[in-house]
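A.B. asks: Protein chains in written order, with my numbering: chain A, 1 to 706; chain B, 1001 to 1282. Even for Gly, the Cβ is constructed at its ideal location relative to N, Cα and C. Note that the structure is a prediction, hence the values are computed from the model and not measured. Before I ask anything, let me first share the structure, which is written out below as structure tokens.
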């Protein structure tokens, strides 16, 4: 029989696995078209001009990116032969396409045509949007913790944060006793920590940015992503945060920025800025990685957080004021001030103060300018000026300018120009020191009208001068006005006292005024002098060897002097003093890095309520004394109990050891040949008897014998 | 008496203080007569001898040679003869220490064990018969500078460059008390009659000029043994204190320092009377 053609009816072709062949010949089908954009608003042209139009368009988009070969497609209406007025462009990378959408959208191609650019994929998405409006799901309201809860402490204690080694801890101040630990974390911050001005937040530094913590449970409140951030600055009312990194980041617009201003409550970035090389003082000429000395904060806040300003020095000098939260330039115009050197806000008003050095035959000037109207309120010319430093008093009542002038080729002389801002016509007092004495620093009393001048005479002599700015005499009648002396009528800057202050380089005022500490810190020996400036009395002197920092607590009751491991290797730690200079406690803390008191927000009491409390202080203080006494006795009882327990435990241990030792007596006798303890007892008994002859002359008479 | 040209690194006295053993950096250990000052015997070793101790009963002694010149840190146990003519330099047992070298060594209770303190802060207990390691514990964070037993050897105090002194139980090596300071502690001792310990130290001599170098600042510090709190200081030395010892009757103590002085202090009567408030509630 002839062989039949083989037919296998059971064979199913679909069972064969072709997957390996398929993989080999698979074509890459793109799933998204994220390199393509649609451009609308293109001039409608005929075929003849199309080539030319494409060339022009290629040139237009040259800066944005590389368009693929044949990447421009202009569809044509088959009926009219003209282009449809839109085109597709395919870029090399999705980033370039994104840039095209960002930058070219709205681009005026010519007078009659403006490009509208969109992602190709977006068109798909918009077309497929559902017609019915779907309400987005409501986010559950997460109740925030009470951020000011620490102020409710029944004993009205203050907190501080201490950084020791890698450990950061928040503590309650218990005066002389061991501080109570509130919260601690290891490696909480990569660099250092910082409080916000009213004490609500604790800021920690990390490689990725800043984190703010707070509330009774010290949870993460908000995060700010700014890689390699190095410096921060809070706005005075804690609404905004400024961060700076020496390493710039690239913005969406392709610029290199260093500074970001954030809204703290929402965590949103409001605006970012570059640090142009000219605004960093002391930058060395080589570019890039050289260490740049930066005068921080670059952005200075007005007292109410409404405005923030920065200065651009040099011939294009200006002060640029930005309005929060929009961060737009105030009235769209900076204050053009050629060669402005430094500026400062008044601490209480919207006034800018700045100084400009000499140029040609125009002398140097210090200027006070009102923000709202740009009106110059006061200006003073100064001659032969080398440098000026601006010091506002905390209430914005006075501005002190420390002026350094050139007296001759080699000599400089310093003096103070004091602007009395709140008085009519803003009079300026001039304070001069004696020959050869140079003012090195000025320290205003907070909320007060006194200030301290630190001056240097020659190499060795240091002085602290205390001054009082006397307001002009207030009189009710013209007759009395005539009786006032000239000085009383005008007000004056009166020298209260001069203190020779060897080894002192800082005056640290109490935040409530009246008291201050004269200290020699950071490279000085750590001498501390506690002064009452009301009575001009030195209350006490103390010392904290190698002291690096001195800080008052926010209530002005305590002073903390500390030695930081960042500057000194040995004997790091802190000392807590009362405002009178009595030591409450001294703690040696190895690897101690920093201790910062937690700031307090200003009191909510009205001045009348405050006056009432002061009047009734005696009654209140009785309550507090009782509470203090109860506390100390509680503490000493606890210590007593703890110690008794330790003592008992040790006595038992020693008794057990003695017991064991006695049991080994026989073994001991074998080794020694006798009982060594019995030998000791016997030897003790054998006392050497000492005879001592004491001669005492009772009476001496001399008789001459013939 | 001259102990050869090397630095004396350890001494130990016979029970009746008739004889003295010294360990020296000139690679020798010597036996002396205290009364005459005459050298009675010398053991020559290959490296410096860091520690030396009489056993209870004075029939034998141990000394520890240093880990230098390729030699490991080693404990040598040698017999002591009554009659010097019978004395040889043969050893009874040799224990080679693997790991960080020993800086101090002492005989344990009844000579059954040997305790060593090491460069890394460890304490090791060795079997004195077999040389086996019985127990070890990392008591300190840095080199152990001194090791002193109490009289009945039930516990001991160690001092270290980690700025602490600690009391540990001899059997378990458990740390019972810690005394914290800010400087290296070179020596520590327990009072035989009062619940006090003393410790002394200071920085390395080369760092002295960089710190608070008020005259005579180097002090022996007294701590309450049970409460671990400092109760007093005795000033006087011009250099870091290297060694401290209480007199067996507890009425005086001696301190030796880098300044080349040995100071002997006798306690006033009220030293023996003062008590913490808690101690009066017996």
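By Cβ distance below 7 Å, which residues in the same chain neighbour residue 200 of chain A in space, the five residues on each side in sequence not counted?
C.D. replies: 147, 148, 214, 238, listed in sequence order.
A.B. asks: Just checking: is the beta-carbon of residue 1202 of chain B within a distance shorter than 8 Å of some beta-carbon in chain A?
C.D. replies: By this cut-off, residue 1202 of chain B is not an interface position.
A.B. asks: Can you tell me whether DSSP reads residue 291 of chain A as helix, strand or coil?
C.D. replies: Here residue 291 of chain A scores only 47 on pLDDT, less than 50, and its place in the model should not be relied on; the value that follows carries that caveat. In this structure, residue 291 of chain A counts as coil in the three-state DSSP scheme.
A.B. asks: Just curious, the beta strand (DSSP E) that residue 685 of chain A is in, first and last residue?
C.D. replies: Looking at the DSSP string, residue 685 of chain A is not in any beta strand (DSSP E); the run it does join, the alpha helix (DSSP H), is 676-685.
A.B. asks: Could you tell me which chain A residues have their CB closer than 7 Å to the CB of residue 1110 of chain B, listed as they occur along the chain?
C.D. replies: Residues of chain A passing the Cβ test: 664, 667, 668, 671.
A.B. asks: Let me check one thing: in DSSP terms, what residues is residue 156 of chain A bridge-paired to?
C.D. replies: None, per the DSSP bridge assignment.
A.B. asks: Mind the definition here: the stretch 75-92 of chain A touches the stretch 44-58 of chain A only if three or more C-beta pairs lie below 8 Å; say whether that holds.
C.D. replies: The answer is yes - the stretch 44-58 of chain A touches the stretch 75-92 of chain A, with three or more Cβ pairs under 8 Å.
A.B. asks: Compute the distance between the beta-carbons of residue 509 of chain A and residue 457 of chain A, then report whether it is under 8 Å.
C.D. replies: No.
A.B. asks: For residue 388 of chain A and chain B, any beta-carbon pair shorter than 8 Å?
C.D. replies: Residue 388 of chain A does not count as touching chain B.
A.B. asks: What are the uninterrupted segments assigned as beta strand (DSSP E) that are 3 or more residues long and contained completely in the stretch 139-188 of chain A, given in chain order?
C.D. replies: Counting whole runs of 3 or more residues, the stretch 139-188 of chain A contains the beta strand (DSSP E) stretches 159-164, 167-172, 180-186.
A.B. asks: According to DSSP, simplified to helix, strand and coil, what is residue 387 of chain A?
C.D. replies: Three-state DSSP puts residue 387 of chain A in a strand.
A.B. asks: Whose Cβ in chain A lies nearer than 9 Å to the Cβ of residue 1196 of chain B?
C.D. replies: Result: empty, since nearest Cβ-Cβ is about 12 Å, beyond 9 Å.
A.B. asks: Name the chain A residues whose beta carbon is nearer than 9 Å to that of residue 1154 of chain B?
C.D. replies: Within 9 Å Cβ-Cβ: 653, 654, 656, 657, 658, 660, 661.
A.B. asks: Using the DSSP secondary-structure output, state which residues sit across from residue 373 of chain A in a beta bridge.
C.D. replies: None, per the DSSP bridge assignment.
A.B. asks: Looking at chain E, is there any beta carbon in it that lies within less than 8 Å of the beta carbon of residue 1175 of chain B?
C.D. replies: Here the protein chains are A and B, and chain E is not one of them.
A.B. asks: To the nearest whole angstrom, what separates the beta carbons of residue 161 of chain A and residue 202 of chain A, a pair I think is in contact under 8 Å?
C.D. replies: That belief holds up - the Cβ atoms of residue 161 of chain A and residue 202 of chain A are roughly 6 Å apart, short of 8 Å.
A.B. asks: Any idea what DSSP makes of residue 264 of chain A, helix, strand or coil?
C.D. replies: Reduced to three states, the DSSP call for residue 264 of chain A is coil.
A.B. asks: Residue 528 of chain A to residue 1058 of chain B, Cα distance in whole Å?
C.D. replies: Answer to the nearest angstrom: the Cα atoms are 59 Å apart.
A.B. asks: Starting from the Cα of residue 121 of chain A, find the closest Cα among A:97, A:169, A:136 and give me that residue.
C.D. replies: The shortest Cα separation from residue 121 of chain A among A:97, A:169, A:136 belongs to A:97.
A.B. asks: Leaving out the 5 sequence neighbours to the left and right, which residues in its chain are closer than 7 Å to residue 665 of chain A when beta-carbon positions are compared?
C.D. replies: So the qualifying residues of the chain are 675.
A.B. asks: Taking the Cβ atom as the reference point for each residue, do residue 1253 of chain B and residue 1244 of chain B lie within a distance shorter than 8 Å?
C.D. replies: Yes, these two residues count as a Cβ contact at 8 Å.
A.B. asks: Would the stretch 598-616 of chain A and the stretch 155-174 of chain A be scored as touching if the rule is three or more Cβ pairs under 8 Å?
C.D. replies: Verdict: yes, contact present.
A.B. asks: Let me check understanding here. Comparing Cα to Cα, which of A:302, A:111, A:335, A:364 lies closest to residue 373 of chain A?
C.D. replies: Ranking A:302, A:111, A:335, A:364 by Cα distance to residue 373 of chain A puts A:335 first.
A.B. asks: Only counting the same chain, and skipping five residues up and downstream in sequence, which positions put a Cβ closer than 7 Å to that of residue 1242 of chain B?
C.D. replies: Counting only Cβ-Cβ distances below 7 Å, and skipping sequence neighbours, we find 1186, 1187, 1256, 1257, 1258.
A.B. asks: Whole angstroms is fine: what's the gap from residue 94 of chain A's alpha carbon to residue 102 of chain A's?
C.D. replies: Spanning the two alpha carbons is a distance of roughly 12 Å.
A.B. asks: Residues bridged to residue 1127 of chain B by DSSP?
C.D. replies: Answer by DSSP bridge pairing, in chain order: B:1113.
A.B. asks: Please decide whether residue 1258 of chain B counts as near chain A, where near means a Cβ-Cβ distance under 8 Å.
C.D. replies: It does not; no Cβ of chain A falls within 8 Å.
A.B. asks: Under 7 Å Cβ to Cβ from residue 1264 of chain B, same chain only, skipping five residues before and after it: list those, please.
C.D. replies: Answer for residue 1264 of chain B: 1252, 1254, listed in chain order.
A.B. asks: Taking the beta carbon of residue 176 of chain A as the centre, do at least 16 other beta carbons fall within 10 Å, making it buried, or is it exposed?
C.D. replies: Under this definition residue 176 of chain A is an exposed residue.
A.B. asks: Residue 1143 of chain B to residue 1163 of chain B, Cα distance in whole Å?
C.D. replies: C-alpha separation (whole angstroms): 10 Å.
A.B. asks: Name the two residues that bound the continuous beta strand (DSSP E) containing residue 345 of chain A.
C.D. replies: 342-345 is the span of the beta strand (DSSP E), which, as asked, contains residue 345 of chain A.
A.B. asks: Could you check whether residue 255 of chain A and residue 274 of chain A sit closer than 8 Å to each other, using their CB atoms as the reference points?
C.D. replies: Yes. Within cutoff.
A.B. asks: How big is the Cα-Cα spacing for residue 663 of chain A and residue 1100 of chain B?
C.D. replies: Distance between the alpha carbons of residue 663 of chain A and residue 1100 of chain B is about 36 Å.
A.B. asks: Any chance you could list the alpha helix (DSSP H) runs of at least 4 consecutive residues sitting entirely within the stretch 616-664 of chain A, in chain order?
C.D. replies: Within the stretch 616-664 of chain A, the complete alpha helix (DSSP H) runs of at least 4 residues are 617-663.
A.B. asks: Using a Cβ cut-off of 8 Å, which residues of the stretch 131-163 of chain A contact any Cβ in chain B, in chain order?
C.D. replies: Going along the stretch 131-163 of chain A in chain order, one finds no residue with a Cβ nearer than 8 Å to chain B.
A.B. asks: For residue 1206 of chain B, which residues from the same chain have a beta carbon less than 6 Å from its beta carbon, with the 5 sequence-adjacent residues on both sides left out?
C.D. replies: Residue placement at residue 1206 of chain B is poorly supported in this model, since its pLDDT is 49, which falls under 50; the coordinates still yield a value, given next. So no residue of the chain qualifies.
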